[in-house]
Amino acid sequence: MTTTAEHTYRRRGLNPLHGVLLAGTFVLFLGATLSDYAYLSSYEIQWATFASWLIAGALVCNGLAFACGVIGLFGAFDRRRAFIHVALLLVSFVLGFINALMHAMDAWAMMPTGLILSIILTVLALVATWIGFSNTGVKVKKQ
Amino acid sequence: MNFSRRYLTTPLAIALMAGSAGATAAQQLYGPNPDLPEPQRGLLPDMEVLEPAEWGDRQPTVPDGYSITAIATDLKIPRQTLVLPNGDILVAEGSGGNAPKLKPKDFIAGIIKAKGKSSVEGGDRLTLLRDANGDGTYEEQTVFADNLNAPYGLALIDNALYVANQDALVRFDYEEGQTRASGPPEVVTQLPAEINHHWTKAMTASPDGQYLYVGIGSNSNITERGMEAEVNRAEVWEINADTGAHRPYATGLRNPTALTFQPDTDTLWAVVNERDELGPDLVPDYLTSVQEGGFYGWPYSYWGQHVDPRVKPENPELVESAIAPDYSLGSHVAPLGIAFSTPQVGGEYAEGVFVGEHGSWNRKDPVGYKVSFVRFENGHPTGDPVDFVSGFLTDDGRALGRPVGVTVAPDGAVIIADDLTNAVWRVTRDDAGTPQDTAADDAPSAADNAPAPAADAATDDAARPESEPATPENDAGTPDTQPTASESQTTTET
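Protein sequences, first through last, are from chains A and B. So for the first sequence, our numbering puts the first residue at 1064; every next one is plus one. So for the second sequence, our numbering puts the first residue at 85; every next one is plus one.
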């Protein structure tokens, strides 16, 4: 009842929702890459259809993760890294949208650009996720 | 990243630029040797769906010396018509297809395309139009048969009326003068109906009345639903009218939307809708005679040996055998109707074919939206198509109507189904009722009206459909006799 130390508690780690969305972005882009590769090697059109939907799903996760990232900028441990995180998500969203349009082309018309974009997007999403999860230090107010 | 830069930047740059490229001025769009530019496709496909507009007091435009009237309105998506021996007109109404939406794009494209279509639901029926007193007003409009499944192709052989539904070929008994089918139809044969991306089953009967020819469109634009979906697709079937036994008559025709026989020959003709998403000036839709056993390219190639890079695996051997069509109608005009002219139509339209062009959606500047006339000389198409009926577009780029099936009645009237106006138009020659005793002049005349009809068919009753010389045997009441060689016993148009 006397004096208490001045503590600011901050959760360690990403907001779980942000984490789920980042993971979704990466996994769905990875799935699109694998599907594209399956189409490339089998000419089985269903894989291209799968890739289309996986990219659509990735874009939803990517867009929401971007929103989380922007909100997270305010309380970021390392603001510079947070900016990179958000910028990467923005780039992957734009590129992902282009990839969705590529995949809307009929049959083989999406090849090889569609596969190459999917690979790049998978890497971008991985890096963005990595930075997002590793930017989770705690600010400690020193007394 | 070297790899990616090499492959990524070029296609992307091309793709991004491509959307703005347009047709060059001196391009040859029509005829046997159209210019075929390099395939191009922007990141976003060109979609220019025209919104519908009301006619008000406007009318479609016809050549001088001809008049057009709507002989039936408030129909439910009229597609094809058939003129019966007594002058009655049957109209097939309906809208088919049950292709599932496959990709995210299909949802978006569906919403956009719906804007350009009539909101009326397809009637799935046949409507009969009758002008009992021959005054050109079709005062009677009754339902001949209903509960059909997106009927499209129509043909009459003797006392059997054949209707190509989107899933089956069916047969009604028909007696001249009948206004209502006497019962439900009998199935002659099932037709390929899975998915039915292109659902219209165009049909015509052979001159001897033994066979029916049915067009079965592909199940995709360019194999994007997989090759399995294309079994028995993009073909014209020859079907025995009695037994229903069938075989592919010609293959590789992407979407043969209307079929007919050239008068006085055994040559089958078709108009075919070619593939999309290769640019505004690819691939030309075409008019062609259909050779038995012929392969016309789809999906592997277009216009002969032009390989479509979107189709994998390739099939070079089949491409080698691909036949180039006879006559380009222009890309994306969407021909859905075909009818050979007769001397009774008169003027410079006496010899050739009328083509109903539904109009483009996959192109910035709209094309089609009219009934074209392709002149024939010595049995072959010649010259550029000319407008026969136009004026289906407003100045502000909306669509008033969209022509589909075209039929030339024995009296020389041109019957046009319009599935946006939901009407049937009838184009007649102003002086058709005037007896002409001058000799026939088949040669195309510079005058845009009034050359006499050809002598062998010159009758003075051109305006009276009920006394029709071209179909003598239809009242014989002999439904199941062996068809004879007489070509006049078959009345058929798609």
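Where a beta carbon is used, it is the ideal one built from N, C-alpha and C, also for glycine.
Item to check | A/S1155 and A/A1188 closer than 9 Å at C-beta | outcome: yes
Next on the checklist: What does the alpha-carbon distance come out to for the pair A/A1167 and B/A501?
Outcome noted: 34 Å
Checklist entry - So, is B/Q428 buried or exposed, given that buried needs 16 or more other C-beta atoms within 10 angstroms? => result buried
Checklist entry - Within the chosen definition, does the stretch 345-353 of chain B reach the stretch 398-409 of chain B through at least 3 CB pairs nearer than 8 Å? => result no
Checklist entry - Does the pairing of the stretch 496-512 of chain B with the stretch 158-178 of chain B give three or more beta-carbon distances under 8 Å? => result yes
Next on the checklist: Counting only beta-carbon separations shorter than 9 Å, does B/G377 have a partner in chain A?
Outcome noted: no
Checklist entry - In chain B, which residues lie with their C-beta within 7 Å of the C-beta of A/W1171? => result P393, R394, V395, K396
Item to check | Assigned secondary structure, A/F1162 (DSSP; H/G/I helix, E/B strand, else coil) | outcome: According to the sequence as given, residue 1162 of chain A is Asn; it is not Phe. Three-state DSSP puts A/N1162 in a helix.
Checklist entry - Within 9 Å (strictly less), CB to CB, does A/Y1106 reach chain B? => result yes
Next on the checklist: Please return the same chain residues whose Cβ sits closer than 7 Å to the Cβ of A/T1176, not counting the five positions on each side in sequence.
Outcome noted: M1165
Next on the checklist: In this structure, how does DSSP classify A/V1186 when only helix, strand and coil are distinguished?
Outcome noted: helix
Item to check | C-alpha distance - B/E278 paired with A/G1087, whole-angstrom precision | outcome: 35 Å
Checklist entry - With respect to the beta strand (DSSP E) encompassing B/W139, which residues constitute its N-terminal and C-terminal limits? => result Taken as a continuous stretch (DSSP letters only), B/W139 belongs to no beta strand (DSSP E), as it is neither H nor E.
Next on the checklist: What does the Cβ neighbour count give for B/A198, buried or exposed, with the cut at 16 atoms within 10 Å?
Outcome noted: exposed
Checklist entry - Would you say A/L1164 faces chain B, with C-beta separation under 9 Å as the test? => result yes
Checklist entry - In or out: B/R510 buried (at least 16 other Cβ within 10 Å) or exposed? => result buried
Checklist entry - Are the C-beta of B/S179 and some C-beta of chain A separated by less than 9 Å? => result no
Checklist entry - Which whole-angstrom value is the C-beta distance of B/L245 and B/G178, which I expect to be below 8 Å? => result About 16 Å; that fails the 8 Å criterion.
Checklist entry - Quick one: does B/G310 have its CB under 9 Å from some CB of chain A? => result yes
Checklist entry - Short check: CB of A/A1121 to CB of A/L1184, under 9 Å? => result yes
Checklist entry - Taking the Cβ atom as the reference point for each residue, do B/Y33 and B/L352 lie within a distance shorter than 9 Å? => result In this structure chain B extends from 85 to 578, so residue 33 of chain B is not present and cannot be described.
Item to check | Any chain B beta carbon closer than 9 Å to A/V1185 | outcome: In the sequence on display, residue 1185 of chain A carries Thr and not Val. No - not a single Cβ of chain B is within 9 Å of the one on A/T1185.
Next on the checklist: Applying the 10 Å Cβ sphere with the 16-neighbour rule, what's the burial state of B/S104?
Outcome noted: With a pLDDT of 40 at B/S104, under the threshold of 50, the modelled position of that residue is not reliable, and no figure is offered here.
Checklist entry - Nearest chain A C-beta to B/N305 closer than 9 Å, yes or no? => result yes
Checklist entry - So what does B/D369 bridge to, in DSSP terms? => result B/G414
Checklist entry - Looking only at C-alpha atoms, which of B/I300, B/Y295, B/A318, B/E132 sits nearest to B/I306? => result B/A318
Next on the checklist: Rounding to the nearest angstrom, what Cα-Cα distance links B/R255 and A/Y1100 in this structure?
Outcome noted: 50 Å
Next on the checklist: Once the 5 residues before and after B/V272 are set aside, which same chain residues still bring their CB inside 6 Å of it?
Outcome noted: L253, R255, G328
Item to check | Minimum Cβ-Cβ distance from B/K118 to chain A less than 9 Å | outcome: Note that residue 118 of chain B is Pro in the sequence shown, not Lys. So no, B/P118 is outside the interface.
Checklist entry - A/T1112 versus chain B: which residues are under 7 Å apart at the beta carbon? => result L186, K187
Checklist entry - Among A/F1137, A/F1113, A/A1191, which residue has its Cα nearest to the Cα of A/G1126? => result A/A1191
Item to check | A/A1119: contacting residues in chain B (beta-carbon distance under 7 Å) | outcome: P188
Next on the checklist: Taking the alpha-carbon of B/P123 as reference, which of B/Q111, B/L212, B/V391 has the nearest alpha-carbon?
Outcome noted: B/V391
Item to check | Where the beta strand (DSSP E) containing B/D502 begins and where it ends | outcome: 498-502
Item to check | Start and end residues, alpha helix (DSSP H) containing B/K189 | outcome: 188-198
Checklist entry - So which residues of chain B does A/S1155 contact, with C-beta pairs closer than 8 Å? => result In chain order: nothing, as chain B lies at least about 15 Å away.
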